[in-house]
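A.B. asks: Have a look at the structure that comes next, please.
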Amino acid sequence: MRYSLLKIIKEGLTGNKGWRPIWRNPEPKKKYDVIIIGGGGHGLSTAYYLSNVYGINNVAVLEKGWIGSGNIGRNTTIIRSNYMLPGNEPFYELSLKLWEGLEQDFNYNAMISQRGIINLFHSDGQRDAYARRGNAMLLEGADAELLDEESVRDICPFLDFNNARFPIKGGLMQKRGGTVRHDAVAWGYARGADNKGVDIIQNCEVTGFKIVNGVCRGVETNLGPISANKIASCAAGSSSRVMSLAGIKLPIESHVLQAFVSEGLKPILPNVITFGAGHFYVSQSDKGGLVFGGDIDGYNSYAQRGNLPVVEDVCEGGMALMPFIGRAKLLRMWGGVMDMSMDGSPFIDKTHIQGLYFNGGWCYGGFKATPASGLCYAHLLATDEPHEVAKELTLDRFIHGKIIDEKGVGAQPNLH
Amino acid sequence: MVINHPLLGPRDASEFVYLGDASLMDRPNWLDKDAGQKFYKYQYLRDNPHLEHKELWFHEQGDRSWLIVTRNISTHEILTVELAKKFFDKGV
Chain S
87 MRYSLLKIIK
97 EGLTGNKGWR
107 PIWRNPEPKK
117 KYDVIIIGGG
127 GHGLSTAYYL
137 SNVYGINNVA
147 VLEKGWIGSG
157 NIGRNTTIIR
167 SNYMLPGNEP
177 FYELSLKLWE
187 GLEQDFNYNA
197 MISQRGIINL
207 FHSDGQRDAY
217 ARRGNAMLLE
227 GADAELLDEE
237 SVRDICPFLD
247 FNNARFPIKG
257 GLMQKRGGTV
267 RHDAVAWGYA
277 RGADNKGVDI
287 IQNCEVTGFK
297 IVNGVCRGVE
307 TNLGPISANK
317 IASCAAGSSS
327 RVMSLAGIKL
337 PIESHVLQAF
347 VSEGLKPILP
357 NVITFGAGHF
367 YVSQSDKGGL
377 VFGGDIDGYN
387 SYAQRGNLPV
397 VEDVCEGGMA
407 LMPFIGRAKL
417 LRMWGGVMDM
427 SMDGSPFIDK
437 THIQGLYFNG
447 GWCYGGFKAT
457 PASGLCYAHL
467 LATDEPHEVA
477 KELTLDRFIH
487 GKIIDEKGVG
497 AQPNLH
Chain D
76 MVINHPLLGP
86 RDASEFVYLG
96 DASLMDRPNW
106 LDKDAGQKFY
116 KYQYLRDNPH
126 LEHKELWFHE
136 QGDRSWLIVT
146 RNISTHEILT
156 VELAKKFFDK
166 GV
């Protein structure tokens with residue numbers, strides 16, 4: 087079923103009786119060409135691009151809960167490609183380009199809104215750093231614009247420009263950045279993959295791998311064994327748990343990141359804003375709630391909830407940046423489990439076990455990467471060669487000293 | 076979280092700095108033949124378990140002691156707290 091204006095009018099006039107569930111709930115087959123472990127954003131987009139771009143349709147997505155129940159359903163929905171390093175920026179720029187055409191591509195309304203993102207700076211040193219980053223972005227074909235204080239004032243007059251400790255001196259703007267309706271991304275990809283025959287199997291937890299003579303031939307699940315030629319782990323947050331079933335130790339720690347939504351307000355934030363003097367980022371949803379977040383809690387956690395010191399820290403960042411936020415009540419807050427990697431950058435790679443592939447380590451930047459992650463992972467699975475823009479996202483890069491550390495803080499995952 | 080410091084009693088976790096897995100105390104010997112490989116594993120690879128986890132916390136805003144905290148990673152429940160120096164020569 088293709089969505090169109092005509093379809094909406096027709097359904098509207100005939101009592102909306104023609105809408106059908108947009109994916110099936112099939113029983114697992116005995117064997118597939120590819121099994122994807124994890125029905126989150128990245129797993130579903132991988133299935134979508136495998137079936138729609140690379141013509142591999144005999145694919146199952148195994149999800150231990152319901153699809154979209156992990157971080158695709160609990161993030162702050164920001165898309166951008168304002169990275170600096172050569173190993174990262176082309177990848178995220180490809181992702182942003184895919185976002186720009188995504189709704190037409192998968193015929194689903196993901197409410198992609200390129201409202202722009204401004205990273206504020208508060209000192210001369212920070213201006214230099216952002217100018218450098220902006221130039222790195224321009225070199226890779228992304229858009230970037232260095233705003234002075236007056237230009238930021240024009241766009242966001244409500245910010246506390248004269249904060250005594252951290253006055254706002256300007257910002258780096260990426261106009262093509264913005265926000266997306268995150269759940270719709272999971273649903274749109276699921277629908278697009280299901281239409282091509284991909285089996286999305288929910289409530290199916292992988293409990294083990296079938297590895298014979300160093301070759302992975304299938305998985306054990308709570309619904310019985312399923313075999314496949316290629317098994318693709320895509321369970322960020324729980325990557326270490328899944329890969330430990332194959333005896334693989336990863337350069338990853340799991341940490342909790344909290345996010346917050348205020349009560350609904352009238353439109354006030356024109357775009358996404360990040361505070362340069364602390365860790366605070368905020369945008370306004372279409373329902374009016376201010377969606378914001380900050381640092382991870384900083385200790386290993388699989389709990390999907392955080393603690394109060396970080397709540398206080400995030401809210402202090404908000405108060406320093408835009409004091410009016412103190413008048414809004416906090417409506418909801420929640421936590422998600424992040425794969426924090428040793429250099430803050432992700433992995434899309436084969437493992438040393440033939441037939442077993444790995445995608446993970448997205449830290450807290452996985453949402454914006456969803457389309458490119460799926461496309462590059464599908465490329466790897468289909469061709470056994472890394473995609474051009476993902477060839478540095480290897481699992482063994484630490485042995486070879488080829489780390490991609492945007493912040494330059496070293497192998498300390500809670501600082502990335 | 077409240078960490079029961081063995082010397083100072085219950086202290087708020089925000090007084091501490093978190094380092095990570097307690098295996099970081101077992102620094103390899105740089106004279107070993109395969110020291111490169113050992114340091115790679117030591118520095119970059121983690122067990123990252125989802126239940127019990129032994130980890131290093133530094134009481135930066137307190138007595139500046141290193142603690143080994145055993146914590147349930149899925150519930151944040153703190154099971155035991157010990158002074159790291161107890162283990163320093165023995166390994167963990």
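Protein chains in written order, with the working numbering: chain S, 87 to 502; chain D, 76 to 167.
Where is the CB? At the ideal position from N, CA and C, for every residue including glycine.
Just so we're clear, the structure is a prediction, and the values are computed from it rather than from any experiment.
Using a beta-carbon distance below 8 Å, is S/Asn393 in contact with chain D?
C.D. replies: Chain D contact via Cβ: present.
A.B. asks: Any chance the CB of D/His125 is under 7 Å from a heavy atom of the ligand ADP?
C.D. replies: No copy of the ligand ADP appears in this structure; indeed no ligand is present at all.
A.B. asks: Taking C-beta pairs closer than 7 Å, name the residues in chain S that D/His125 reaches, listed in chain order.
C.D. replies: Arg327 and Tyr388
A.B. asks: Answer with buried or exposed for D/His151, where buried requires no fewer than 16 other C-beta atoms within 10 angstroms of its C-beta.
C.D. replies: buried
A.B. asks: Per DSSP, what kind of secondary structure is D/Ser140 in: helix, strand or coil?
C.D. replies: coil
A.B. asks: Can you look up D/Val167 in the DSSP assignment and give me helix, strand or coil?
C.D. replies: Because the pLDDT at D/Val167 is just 47, under 50, the model does not fix this residue reliably, and the point stays unresolved.
A.B. asks: Taking the alpha-carbon positions, what's the D/Pro85 to S/Gly283 distance?
C.D. replies: Rounded to the nearest angstrom, the gap between the Cα atoms of D/Pro85 and S/Gly283 is 57 Å.
A.B. asks: For the segment 337-357 of chain S against the segment 287-303 of chain S, are there 3 or more C-beta pairs whose distance is under 8 Å?
C.D. replies: Between the segment 337-357 of chain S and the segment 287-303 of chain S there are fewer than three inter-stretch CB-CB distances shorter than 8 Å, so the stretches are not counted as touching.
A.B. asks: Leaving out five residues on either side along the sequence, give the residues of the same chain with a beta carbon under 7 Å from the beta carbon of S/Tyr135.
C.D. replies: Gly460, Leu461 and Ala464
A.B. asks: Once DSSP output is grouped into helix, strand and coil, what is the label at S/Trp185?
C.D. replies: helix
A.B. asks: Verify whether the separation of the beta carbon atoms of D/Ile78 and D/Leu131 is less than 8 Å.
C.D. replies: no
A.B. asks: Note the first and the last residue of the continuous beta strand (DSSP E) segment covering S/Ile94.
C.D. replies: Per DSSP, S/Ile94 belongs to no beta strand (DSSP E); it is in the alpha helix (DSSP H), Leu91 to Leu99.
A.B. asks: Do S/Ala272 and S/Gly154 count as a contact pair if the criterion is CB distance below 8 Å?
C.D. replies: yes
A.B. asks: Got a sec: which bits of the segment 124-155 of chain D sit with their beta carbon under 7 Å from any beta carbon on chain S, in order along the chain?
C.D. replies: His125, His128, Glu130, Ile148, Ser149, Thr150 and His151
A.B. asks: Is there a Cβ of chain S sitting closer than 8 Å to that of D/Arg121, yes or no?
C.D. replies: True, the Cβ-Cβ gap to chain S drops below 8 Å.
A.B. asks: Taking the straight line between their C-alpha atoms, what separation do you get for S/Leu245 and S/Ala406?
C.D. replies: 9 Å
A.B. asks: When DSSP labels each residue in this structure, what does S/Ile118 get in the three-state scheme?
C.D. replies: What sits at residue 118 of chain S in the sequence shown is Tyr, not Ile. Strand.
A.B. asks: Looking only at its own chain, which residues have a Cβ that is under 8 Å from the Cβ of S/Leu466, when we skip the five neighbours before and after it?
C.D. replies: Ile434, Asp435, Lys436, Tyr443, Pro472, His473 and Ala476
A.B. asks: Of all Cβ atoms in chain S, is any one closer than 8 Å to the Cβ of D/Ser98?
C.D. replies: no
A.B. asks: Would you identify the three-state DSSP class for S/Ala345, choosing helix, strand or coil?
C.D. replies: Correct three-state label for S/Ala345: strand.
A.B. asks: CB-CB under 6 Å to S/Ile354, same chain, minus the five flanking residues each way: which ones, in chain order?
C.D. replies: None.
A.B. asks: Determine the chain S residues that contact D/Gly95 at a beta-carbon separation under 8 Å, and present them in chain order.
C.D. replies: Glu339, Asn386, Gln498, Pro499 and Asn500
A.B. asks: What is the DSSP secondary structure of D/Lys108, reduced to helix, strand or coil?
C.D. replies: coil
A.B. asks: Tell me which same chain residues have a C-beta within less than 6 Å of the C-beta of D/Val167, skipping the five on either side of it?
C.D. replies: Caution applies to D/Val167, whose pLDDT of 47 falls short of 50 and renders its modelled position unreliable; the value that the coordinates give is listed next. Cβ within range, chain order: Ala97 and Met100.
A.B. asks: Answer with buried or exposed for S/Glu402, where buried requires no fewer than 16 other C-beta atoms within 10 angstroms of its C-beta.
C.D. replies: S/Glu402 counts as exposed, since fewer than 16 other C-beta atoms from the protein chains shown sit within 10 angstroms of its C-beta.
A.B. asks: Any chance you could list the alpha helix (DSSP H) runs of at least 4 consecutive residues sitting entirely within the segment 344-417 of chain S, in chain order?
C.D. replies: Contiguous alpha helix (DSSP H) elements confined to the segment 344-417 of chain S occur at 394-407, taking only those with 4 or more residues.
A.B. asks: Is it buried or exposed, D/Phe163, if we count other Cβ atoms within 10 angstroms and call 16 or more buried?
C.D. replies: In summary, D/Phe163 is exposed, with fewer than 16 beta-carbon neighbours lying within 10 Å of its beta-carbon over all protein chains present.
A.B. asks: Thinking S/Phe453 and S/Ile122 are a contact (beta carbons under 8 Å), I'd like their distance in whole angstroms, please.
C.D. replies: Incorrect: roughly 18 Å between the Cβ atoms, too far for contact.
A.B. asks: Use the C-beta contact count for S/Gln212: other C-beta atoms within 10 angstroms, 16 or more gives buried, fewer gives exposed.
C.D. replies: buried
A.B. asks: If the criterion is Cβ atoms closer than 8 Å, does the pair S/Phe252 and S/Glu235 meet it?
C.D. replies: no
A.B. asks: Could you round the C-beta distance between D/His128 and D/Arg102 to whole angstroms and report it? I think they count as a contact, below 8 Å.
C.D. replies: The Cβ separation is near 19 Å, so there is no contact.
A.B. asks: Looking at the unbroken alpha helix (DSSP H) that takes in S/His465, where does it start and where does it end?
C.D. replies: For S/His465, the enclosing alpha helix (DSSP H) stretches over residues Thr456 to Thr469.
A.B. asks: When the distance is taken between beta carbons, is D/Leu82 closer than 8 Å to D/Phe133?
C.D. replies: no
A.B. asks: So is S/Phe192 buried or exposed if we call it buried at 16+ other beta carbons inside 10 Å?
C.D. replies: Counting C-beta atoms within 10 angstroms of its own C-beta, S/Phe192 has 16 or more neighbours from the protein chains shown and is therefore classed as buried.
A.B. asks: Mind checking if S/Ala464 is an interface residue toward chain D, Cβ cutoff 8 Å exclusive?
C.D. replies: no
A.B. asks: For S/Ser90, is the classification buried or exposed, using 16 other Cβ atoms within 10 angstroms of its Cβ as the cut-off for buried?
C.D. replies: exposed
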